[in-house]
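Structure first, then comments.
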Amino acid sequence: MITVRFSKGAAGLAAATPAPQLLWHDRDYEVELFEQLGPERARCEGKLLAAGLSLPVQHRTEWALAHHTRTQWFVAVKAASAGYQAGFAVEVRRSRAIPGHLLLSVEKFGAALSEGARAAGLRALAYLGRSRPRVLRVYVNVYAQEAGVRQRIGRLLRELGFRDAAQPRVYRDTVLVDLAPDEAAILASFHSSTRRNIRKIAAQPFEVRTLAESQLIDRLKALLEESVTRTGGSPPHEDWEAVIALSDRYPELSHLVGLFRTDITGPEALVAFAWGLNHGDYVDNPVTGMTRLPGSRTPFTYPLIWDLIRWGKRVGARYFDFGGVTSGHLSEGDPLGGISDFKRRFSDTIVSVGEEWTLEPNPLRGQLAAALSSASSWVSRRLRTVAPTSPSRNISPM
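1 is the number of the first residue of the sequence shown in the numbering used here; add one for each residue after it.
In structure tokens:
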């Protein structure tokens, strides 16, 4: 477990805030809400990790400290006889559709030490959304490799008034690489062309290096925009200052790596990057970006993905998740088919993992927000060409 050290200012703030409040309870469980960072929340997370719970990095204090401009709460489920059994972060954002209202969202929900604790956490989350009059929507992005877990979560969410998102922003299917074998065996499991492309970089003037310089943020943005534009999408917003800070302070949780030309210097030497996140039992690759050099057919991202896979094995993950895959192929006209073909060259294991659910505590306000958002989108389309949206997966060309 990584020790979290608070600055004097952060520690003072935590000491001045009240203890976590009791959010919800039944005969078997008590659910606490931490609205502030501090030693008490860190100790709670530590107990969950020590008990064997895999906490996705977005649910951890380390993530919240790096993303200090965001508001993040933490919901912890405690069993009367067994202590903490589940915990997850809730990101709190302001609605742009209706001023003064809030949007609550939970990423990668699914991990728990018991079915009862998982259910208690969801009941408490629904209660939280309904008990705060300014909450406009509650989003739950489910992540679980076990189909039975997803089905049980889905049934309970439906009972609680959530709806399955018609156009989910998260990926449902992904490619997994098993990290149990040694590195040589993992490499040998890849398609022959993948192994060849990984080795190809070593013979050329490139090197893979960890990214830790904030001076390269503009270059990262440019590479991401160039990559996503090639697939007809729009680049996701990333707080690169926070990403670099997280990777620098907690390298076991976040790994940002770049491919650099060795024949030139300056920001332009960076020709590709990939970002990996550690969620306990698996790591994933949420963002990748690259440029194309005139006359070069060098597959820049192959060595970066291999570096992330090796990092995932070093930090003890069981799987590497490519961050989403489509069922189509480039030859079939799928705009993301080329990316999906690239991912499938690393592994034939494709599994369903994700779902997205939404709760509108006040349906009338939800309908008003949807209407205002639709009107805003219509105006935007009239003013400029808007790229089509797609599920939140790593869609950067590989």
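Beta carbons: idealized from backbone N, C-alpha and C, even for Gly.
A straight-line Cα-Cα distance of about 13 Å links glycine 148 and glycine 354. Within the same chain, Trp24 come within 6 Å of tyrosine 127 by CB-CB distance, once the 5 residues on both sides are set aside. Phenylalanine 273 is not a Cβ neighbour of phenylalanine 206, given a cutoff of 8 Å. Within the model, the alpha-carbon separation for arginine 158 versus arginine 344 is close to 33 Å.
The C-beta distance from arginine 134 to leucine 102 rounds to 5 Å, short enough to meet the 8 Å contact threshold.
Valine 92 places its beta carbon less than 8 Å from that of glutamine 72. DSSP lists Ser254 and Asp284 as the beta-bridge partner residues of leucine 277. In this chain, the beta strand (DSSP E) harbouring isoleucine 350 covers 350-352.
Secondary structure note for glycine 87: its beta strand (DSSP E) is the uninterrupted segment 83-94. The residue from Leu55, Thr358, Gly233 and Ser340 with its alpha-carbon nearest to that of threonine 174 is Ser340. DSSP, read as helix, strand or coil, puts alanine 166 in coil.
Of all alpha-carbon atoms in Asp307, Leu125 and Leu65, the one lying nearest the alpha-carbon of alanine 86 is that of Leu125. Close CB contacts of threonine 349 within its chain, under the 8 Å cut and outside five residues either way in sequence, are with Val175, Leu176, Val177 and Asp178 (chain order). As DSSP reads the structure, arginine 314 sits in no beta bridge. Excluding the 5 residues flanking it on each side, leucine 220 has same chain C-beta neighbours closer than 7 Å at Trp240, Phe273 and Gly289, in chain order. Around the beta carbon of glycine 280, 16 or more other beta carbons sit within 10 angstroms, so the residue counts as buried. Straight-line measurement puts the Cα of phenylalanine 342 at about 33 Å from the Cα of alanine 112. Residue environment: histidine 237 is assigned as exposed (fewer than 16 neighbouring CB atoms within 10 Å of its CB, all protein chains considered). Excluding the 5 residues flanking it on each side, glutamate 45 has same chain C-beta neighbours closer than 7 Å at Leu55, Arg60, Thr61 and Gly87, in chain order. Distance from the Cα of leucine 277 is smallest, within the candidate group Gly110, Tyr319 and Arg130, for Tyr319. For leucine 33, DSSP records a beta bridge to Gln21 and Val75. Cα atoms of proline 294 and arginine 199: separation of roughly 21 Å, rounded to the nearest angstrom. Between valine 257 and threonine 210, the C-beta spacing is below 8 Å.
DSSP links threonine 210 through a beta bridge to Val257. Listed in chain order, the non-local C-beta contacts of arginine 195 below 7 Å within the same chain comprise Leu187, local neighbours out to five positions each way being set aside. Look at asparagine 362 here: in three-state DSSP terms it is coil, with no helix or strand label. By the 16-neighbour rule on beta-carbons within 10 angstroms, glutamate 183 is exposed. DSSP places tyrosine 302 in the helix class (H, G or I) of the three-state scheme.
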